[in-house]
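There are 2 protein chains.
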Amino acid sequence: MRDMHHAEEPGLRERKKRRTRSALATAALRLFAERGYEETTIADIAAAADVSPRTFFSYFPSKEDVVFAEVDDRLDEVAERLARRVPGETPLETVRQSVVDVLETLVAEHGAYGTVQVRLILERPGLRARAMQRLTEIQDEIRARLHELCPDIGEIEAVAAAGIAVGGMQAVIVHCREQGYDPLSTRTALDRALAIVENGLGSIAALTAPAPPAGGR
Amino acid sequence: MRDMHHAEEPGLRERKKRRTRSALATAALRLFAERGYEETTIADIAAAADVSPRTFFSYFPSKEDVVFAEVDDRLDEVAERLARRVPGETPLETVRQSVVDVLETLVAEHGAYGTVQVRLILERPGLRARAMQRLTEIQDEIRARLHELCPDIGEIEAVAAAGIAVGGMQAVIVHCREQGYDPLSTRTALDRALAIVENGLGSIAALTAPAPPAGGR
DNA sequence: GTAGATTTCTGCAATAGATGCAAAAATGCA
DNA sequence: TGCATTTTTGCATCTATTGCAGAAATCTAC
């Protein structure tokens, strides 16, 4: 509250906090990668970061959260980008861009431990669930954005649109990661999914075919 | 209630197990409703069901799971229905019916504690995450069903379709519950969402309008 | 009905995540 | 430097969860 004269002066206290937070996150990810998630205790992480175990919890509310430390930072960036209005773009375009942004961010290999995070999230049900939760938050942001972009849209339309977009993209992303798709193939798959999101399941020829004959062709 | 000792004789052991499982679930839900989730310990539940605390874990892998005991049973039924082929129906119809089935099951007020379960799931992040997980499993079942119904469909198409359908429906359901929609309104909303799933976001007029009337409110 | 095999229940101990609290240490400021 | 504020820490505690081994209940064959 005090001095705001020189805009950016982190101050020792603040700088130290960030360093500690980062140290905890880095140590945690490294240990998770080395010994595995379950096999790493809070005590281990704290020790590796040179703080008391108790301190861990003043930086992260739970062991799971530390996995998302970096991811969250990325998502914050995306949220900003999402907020920037792009005039001349149709709302649909904006949503499309937002979703792709978010998901590509999640798929991208970030730092040295980016891969570990994704692997952990896909493997540990608890972490996977946590990730889902984040996605839900994002979904709601997109819904809100839709309302901003076109106040005319109905409540349900906005909710459904956000859910459809995020749900479809998420499914494809997870599928691609699990199947070991390379980035290019993933991108292609995402585009296909996006097309379905925009044109509806009705646009999938196979789905509108009369009835499934027992034979193939 | 009558006993025909022909083919199916549950046997005392089996009957007792079911009774215990049910007692645990019922006691748990009752206590959750009375004192709240966090405020109820495993010991409390076990005591109320007249078994040792240790026994709780031989029936449910975790405290969270007991909330889904009943829900899971319902979902199993739905899974069966989902498996039943309905000849002469278009795959799209089948998916549509499946999703609606699943979700209406979840929205329906089951037993005396049905409301409590839904409230808990919506409130406790942990439980909500757990619910998401179940939904993911269902999503995968739908995807598998799609492959069965039309072997011609592409991998990505199936994944995306399942994700879109479930994602869209889930978003609307949650929204309706949170906003306190009555069953009828919820049903209407679901239908609207379903239409969007089938026809795509492109079918929402407001979304394809040129650009947000810049500045205007 | 009883003995022996099988399954379930229970008590006990231990691990680990999470939280509240108050003293100790670090940092900011006059 | 000395006081105010913030962070860190140690400690106690609670609770979920798991492994283990003996006790109790149920089932099967005789």
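Protein sequence lines correspond, in order, to chains A and B.
Under this note's numbering, the first residue of the first sequence carries the number 21, and numbering increases by one thereafter.
Under this note's numbering, the first residue of the second sequence carries the number 21, and numbering increases by one thereafter.
Where is the CB? At the ideal position from N, CA and C, for every residue including glycine.
Does DSSP put F52/A in a helix, in a strand, or in coil? helix
Use the C-beta contact count for F77/A: other C-beta atoms within 10 angstroms, 16 or more gives buried, fewer gives exposed. exposed
Taking only beta-carbon atoms, is A149/B less than 9 Å away from chain A? yes
Using a Cβ-Cβ cutoff of less than 7 Å, which residues in the same chain neighbour A68/B once the five nearest sequence positions on both sides are dropped? A47, L51
Within a Cβ cutoff of 8 Å, which residues of the same chain sit near T240/B, ignoring the five residues on either side of it in sequence? No answer is possible for residue 240/B: it lies beyond the span of chain B, which begins at 21 and ends at 237.
Could you check what DSSP says for D70/B in three-state terms: helix, strand or coil? coil
Can you name the start and end residues of the alpha helix (DSSP H) that V192/A belongs to? 175 to 198
Identify the contact partners of Q304/A in chain B, using a Cβ-Cβ distance below 7 Å as the criterion. There is simply no residue 304/A to check, as chain A begins at 21 and stops at 237 in what is shown.
C-beta atoms of I147/A and Y57/A nearer than 9 Å: In the sequence as displayed, the identity of residue 147/A is Leu instead of Ile. Closer than 9 Å, so yes.
Where L102/B and D92/B are concerned, what is the direct C-alpha to C-alpha distance, given to the nearest angstrom? 15 Å
Determine the chain B residues that contact D172/A at a beta-carbon separation under 7 Å, and present them in chain order. A226
Mind checking S82/B: buried by the 16 CB within 10 Å criterion, or exposed? exposed
Y79/B in three-state terms, based on DSSP: helix
Who are the near neighbours of E198/B in its chain, counting only those whose CB is closer than 8 Å to its CB and skipping five residues on each side? L142
Would S118/B be called buried (16 or more neighbouring beta carbons within 10 Å of its own) or exposed? buried
State yes or no: is the beta carbon of E58/B nearer than 9 Å to at least one beta carbon in chain A? no
Which residues mark the beginning and the end of the alpha helix (DSSP H) in which L221/A is found? L221/A -> no alpha helix (DSSP H), and no H or E assigned at all.
For I216/A and G188/A, which I take to be in contact (beta-carbon distance under 8 Å), what is that distance rounded to the nearest angstrom? 7 Å
Out of I176/B, V192/B, R207/B, point me to the one whose CA is closest to S205/A's CA. I176/B
Using a 10 Å radius around the Cβ and a threshold of 16 neighbouring Cβ atoms, would you call G220/A buried or exposed? buried
Identity of the residue in P107/B, A229/B, A149/B, A99/B nearest L169/A by Cα: A229/B
Going straight from the alpha carbon of V136/A to that of T60/B, what length do you get? 36 Å
Looking at the C-beta of L140/B, does it have a partner C-beta in chain A at a distance below 9 Å? no
So, for A13/A: in the same chain, excluding its five sequence neighbours on each side, which residues have a beta-carbon less than 7 Å away from its beta-carbon? Within the shown structure, residues of chain A are numbered from 21 to 237, placing residue 13/A beyond reach of any answer.
Interface partners of G188/A on chain B, CB under 7 Å: A180, G183, I184, G187
Can the beta-carbon of P145/A be found closer than 9 Å to that of Q153/B? yes
Please give the ranges of any alpha helix (DSSP H) in the region 94 to 148 of chain B, keeping only runs that are unbroken, at least 4 residues long and fully inside the region. 111 to 127, 134 to 143
How is A229/A classed by DSSP in three states: helix, strand or coil? coil
If you draw a straight line from the C-alpha of E157/A to the C-alpha of R55/A, how long is it? 31 Å
Helix, strand or coil: which one does DSSP assign to V217/A? helix
By how many angstroms is the C-alpha of R33/B removed from the C-alpha of A178/A? 52 Å
Mind checking if G146/A is an interface residue toward chain B, Cβ cutoff 9 Å exclusive? yes
Would you say S118/A faces chain B, with C-beta separation under 9 Å as the test? no
Does any CB atom of chain A fall closer than 9 Å to the CB of R163/B? yes
For P171/A, which three-state DSSP category applies? coil
Cβ of I62/A within 9 Å of any chain B Cβ: no
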